[in-house]
Amino acid sequence: MSELIPFTHVVGGEQLSGLVTGGGGEPARATVVLLHGAGNGNKARLMPLLAEFAGHGCHALAFDFSGHGESTGLLRELSLSRRFEQAVSVIDAHARVDAPLVLAGFSMSGQTVADLVRHYGERVAALGLCAPAVYAAEAWDVPFGTGGGRFSEIIRTPGSWHAAPALDVLRAFEGRAVLVTPGTDEVIPPAVTEAFSEALARRSQFTHRELPDSGHRLGLWFRDHPDDRREFVTAVLTGLGEQGWTATRAWVAKQLPEGRTIEKSAFLTGGWSAQMRRLTLDDGTELALRTFVKPFFRRHAPGLLAREAEILTLLAEQEEVPAAELIGVDATGEHCDHPSLLMPVLPGRVRVDEEELGPRLDLLAGQLARIHRIVPRERPRAYQAWTSPAAVPTGWERAVDVIRRDPPPYDGCFLHRDFHPGNVLFTGSGANLRVSGVVEWVETSWGPADLDVAHCSTALALLHGPEYGLGFRERYEARGGRRLADGAEHLYWRLLDALAYVPAAAKLAGPWRELGRTDLTPRVLGERLEAYVEGLMERYA
Numbered sequence: 001m002s003e004l005i006p007f008t009h010v011v012g013g014e015q016l017s018g019l020v021t022g023g024g025g026e027p028a029r030a031t032v033v034l035l036h037g038a039g040n041g042n043k044a045r046l047m048p049l050l051a052e053f054a055g056h057g058c059h060a061l062a063f064d065f066s067g068h069g070e071s072t073g074l075l076r077e078l079s080l081s082r083r084f085e086q087a088v089s090v091i092d093a094h095a096r097v098d099a100p101l102v103l104a105g106f107s108m109s110g111q112t113v114a115d116l117v118r119h120y121g122e123r124v125a126a127l128g129l130c131a132p133a134v135y136a137a138e139a140w141d142v143p144f145g146t147g148g149g150r151f152s153e154i155i156r157t158p159g160s161w162h163a164a165p166a167l168d169v170l171r172a173f174e175g176r177a178v179l180v181t182p183g184t185d186e187v188i189p190p191a192v193t194e195a196f197s198e199a200l201a202r203r204s205q206f207t208h209r210e211l212p213d214s215g216h217r218l219g220l221w222f223r224d225h226p227d228d229r230r231e232f233v234t235a236v237l238t239g240l241g242e243q244g245w246t247a248t249r250a251w252v253a254k255q256l257p258e259g260r261t262i263e264k265s266a267f268l269t270g271g272w273s274a275q276m277r278r279l280t281l282d283d284g285t286e287l288a289l290r291t292f293v294k295p296f297f298r299r300h301a302p303g304l305l306a307r308e309a310e311i312l313t314l315l316a317e318q319e320e321v322p323a324a325e326l327i328g329v330d331a332t333g334e335h336c337d338h339p340s341l342l343m344p345v346l347p348g349r350v351r352v353d354e355e356e357l358g359p360r361l362d363l364l365a366g367q368l369a370r371i372h373r374i375v376p377r378e379r380p381r382a383y384q385a386w387t388s389p390a391a392v393p394t395g396w397e398r399a400v401d402v403i404r405r406d407p408p409p410y411d412g413c414f415l416h417r418d419f420h421p422g423n424v425l426f427t428g429s430g431a432n433l434r435v436s437g438v439v440e441w442v443e444t445s446w447g448p449a450d451l452d453v454a455h456c457s458t459a460l461a462l463l464h465g466p467e468y469g470l471g472f473r474e475r476y477e478a479r480g481g482r483r484l485a486d487g488a489e490h491l492y493w494r495l496l497d498a499l500a501y502v503p504a505a506a507k508l509a510g511p512w513r514e515l516g517r518t519d520l521t522p523r524v525l526g527e528r529l530e531a532y533v534e535g536l537m538e539r540y541a
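Just so it is clear: in the sequence shown, position 293 is 293 by the UniProt record's numbering, and no numbers are missing.
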């Protein structure tokens with residue numbers, strides 16, 4: 001075991017007890033700060049993990065927050081804000097500044113880690129979050145008390161954590177992030193863990209590891225299970241200095257023309273299922289890298305990316321559909337850190353604003369009609385429904401009854417399957433307004449044209465108001481679209497799509513909010529969806 005040197009640090013009138021690994025003057029791979037959880041958490045249970053990081057060439061430290069372990073103070077007087085202040089004071093005094101900063105937090109320290117990321121910014125290279133918690137903003141300055149006070153009242157309020165500022169900090173983090181969860185967590189609700197996963201998958205090089213036989217106290221688990229401890233440390237330090245993207249960078253380099261190199265990389269907003277990055281080469285060429293990081297989409301990436309690669313190859317022969325050409329694909333993640341696809345950047349930008357809305361909707365309708373005229377050499381897979389009667393919450397029974405029956409018969413065609421304003425690029429304005437690109441071909445299917453019309457219509461209803469969703473069919477048919485079903489048969493396809501948004505409209509609108517539509521609050525989206533479904537029932541039932 002590496003030498004662990006004790007230290008005492010005074011902050012706010014309290015003496016904090018800490019341990020730091022010895023390393024002399026040798027360069028450190030990283031400076032690692034371990035932060036214990038609440039209750040009876042302390043640095044002692046983290047000593048083996050501290051030594052493990054040191055064994056990987058890191059300068060590492062841990063300390064007891066006031067009221068914990070060997071530090072002075074009373075736990076009831078501690079707060080989230082004081083935890084943050086104590087951590088900053090210890091880091092500033094004892095962490096080396098000649099190496100990347102790595103933060104590893106347990107339970108309550110999930111919040112503290114996010115607070116430190118906000119404070120230190122790009123200095124933080126990697127995160128390790130173990131059964132982490134996050135809290136509402138109003139809990140920040142409130143002392144923990146003895147269990148029956150204001151702090152307990154806030155954190156026991158159902159859903160109080162949903163708008164936690166810490167989650168926004170993690171959504172913006174672009175370094176390496178490892179989330180570790182136990183098989184059974186008696187402290188952290190599953191919804192909180194899901195929120196961490198969603199936030200970290202937005203921009204970071206994210207890995208989610210589950211320890212199925214463990215409980216909430218992962219510090220004790222790592223203490224007693226050296227193999228899991230070693231794997232955790234290795235995962236956190238993977239690709240350090242390159243934001244965790246070492247393997248992906250190497251794979252991309254092999255796809256480039258001879259002599260070309262990547263000059264810069266920038267994260268692209270607006271995606272939901274995958275991370276998108278713009279890679280600028282030394283000659284000014286711009287490429288787009290799609291990477292599946294979210295656990296759900298990573299599991300399904302082999303099928304999704306293989307299908308997209310096949311479709312992009314097909315579309316290269318279609319003059320009326322502006323799609324990117326395929327450069328390379330690693331659908332299984334065999335060579336990359338995550339499953340990835342590389343293609344050129346298409347001209348134009350996504351438009352979800354209200355300007356030139358009518359002309360843009362006409363162009364959307366005409367483009368969708370042209371997509372439906374594609375005759376592929378081989379049919380893609382049959383469409384998949386994205387909801388079912390059982391998945392729709394109560395309160396929508398009349399609409400749900402429509403989709404309980406078997407699907408109506410249909411004359412199938414080539415479907416984009418995820419066609420909506422967020423996946424279409426525009427250039428120009430006025431008379432020069434044009435569709436310059438259609439992206440996101442991972443869900444391409446064979447099925448009724450009604451379903452593509454339905455999906456775009458739902459998005460339009462949420463983005464711009466129910467009347468735009470209700471009127472999109474007429475725009476589509478007026479611009480050469482396929483004949484759609486009538487009455488109850490068309491209603492089936494419209495509701496099969498719309499009801500998929502009932503439990504998750506606000507979450508799915510996240511990319512639109514990133515593009516400037518901050519007016520799309522959960523309340524606005526809920527009201528628009530309800531009005532849109534009512535309008536469909538009145539028109540087609």
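Heads up, the beta-carbon is just placed ideally off N, CA and C, and yes, glycines get one too.
In the three-state scheme derived from DSSP, where H, G and I count as helix and E and B as strand, W446 is classed as strand. Residue nearest to L342 within the set T427, W251, V402, D411 is W251 (criterion: CA-CA distance). L515 and G422 have their C-alpha atoms spaced approximately 9 Å apart. Here I374 is not bridged, per DSSP, to any residue.
In the three-state reduction of the DSSP assignment, M108 falls in the coil class, being assigned neither a helical nor a strand state. With fewer than 16 neighbouring CB atoms inside 10 Å of its own CB, A266 falls in the exposed class. Residues G67 of the same chain have their beta carbon placed closer than 6 Å to that of L75, with the five preceding and five following residues left out of the count. When secondary structure is reduced to three states using DSSP, A99 falls in the coil class, being assigned neither helix nor strand. In the displayed model, I5 falls within a strand according to three-state DSSP.
Within the region 180-229, the beta strand (DSSP E) runs of at least 3 residues that lie entirely inside it are, in chain order, 205-211. DSSP, read as helix, strand or coil, puts F232 in helix. Of the residues H208, H225, V345, W161, the one whose Cα lies closest to the Cα of I188 is W161. Between C58 and R29 a beta carbon distance of about 5 Å is seen, short of the 8 Å cut, so the two are scored as contacting. The three-state reading of DSSP puts T21 in strand, counting E and B together. Checking the DSSP bridge columns, you'll see P344 partnered with L287. The alpha carbon of C130 has as its nearest neighbour, out of A139, D228, S152, R123, the alpha carbon of D228. Comparing alpha carbon positions, the residue from T313, S429, A247, H338 closest to E355 is S429. Taking a cut-off of 8 Å for Cβ pairs, the region 486-502 and the region 445-462 touch, as three or more such pairs fall below it. The region 400-416 makes contact with the region 371-390; the number of CB pairs closer than 8 Å reaches 3 or more. Comparing C-alpha distances from H490 to each of P158, L520, P409 shows the shortest one belongs to P409.
For L80, the enclosing alpha helix (DSSP H) has its first and last residue at 80-94.
In the DSSP assignment, G510 falls within the unbroken alpha helix (DSSP H) covering 510-514. Contact annotation, I154 with E138: C-beta distance approximately 6 Å; criterion of less than 8 Å satisfied.
For E231, same chain residues with a beta-carbon under 8 Å away, outside a window of 5 residues either side, are R209 in chain order.
Contact annotation: the region 38-50 touches the region 97-108, with at least three C-beta pairs closer than 8 Å. The beta carbon of D362 sits closer than 8 Å to the beta carbons of R475, R479 from its chain, once the five residues preceding and following it are set aside; these are given in chain order. Using a Cβ distance threshold of 8 Å, A199 and R171 count as a contacting pair. For R351, same chain residues with a beta-carbon under 7 Å away, outside a window of 5 residues either side, are R360, P421, F426 in chain order. Cβ contact annotation for A369 (same chain, cutoff 7 Å, sequence separation greater than five): Y476, R479, G480, G481, in chain order. Here Q15 carries a strand assignment [DSSP, helix/strand/coil]. A straight-line Cα-Cα distance of about 12 Å links E77 and G149. Non-local C-beta neighbours of K264 in its own chain, meaning closer than 6 Å and more than five positions away in sequence, comprise T280, ordered along the chain. By the C-beta criterion, the region 139-148 is judged not to be in contact with the region 232-243, since fewer than 3 inter-stretch pairs fall below 8 Å. Looking at A449, A164, N40, the one whose alpha-carbon comes closest to that of E70 is N40. With respect to P212, G259 sits apart: the two C-beta atoms are not nearer than 8 Å. When the alpha-carbon of W245 is set against those of R277, P322, W272, D411, the nearest one is in R277.
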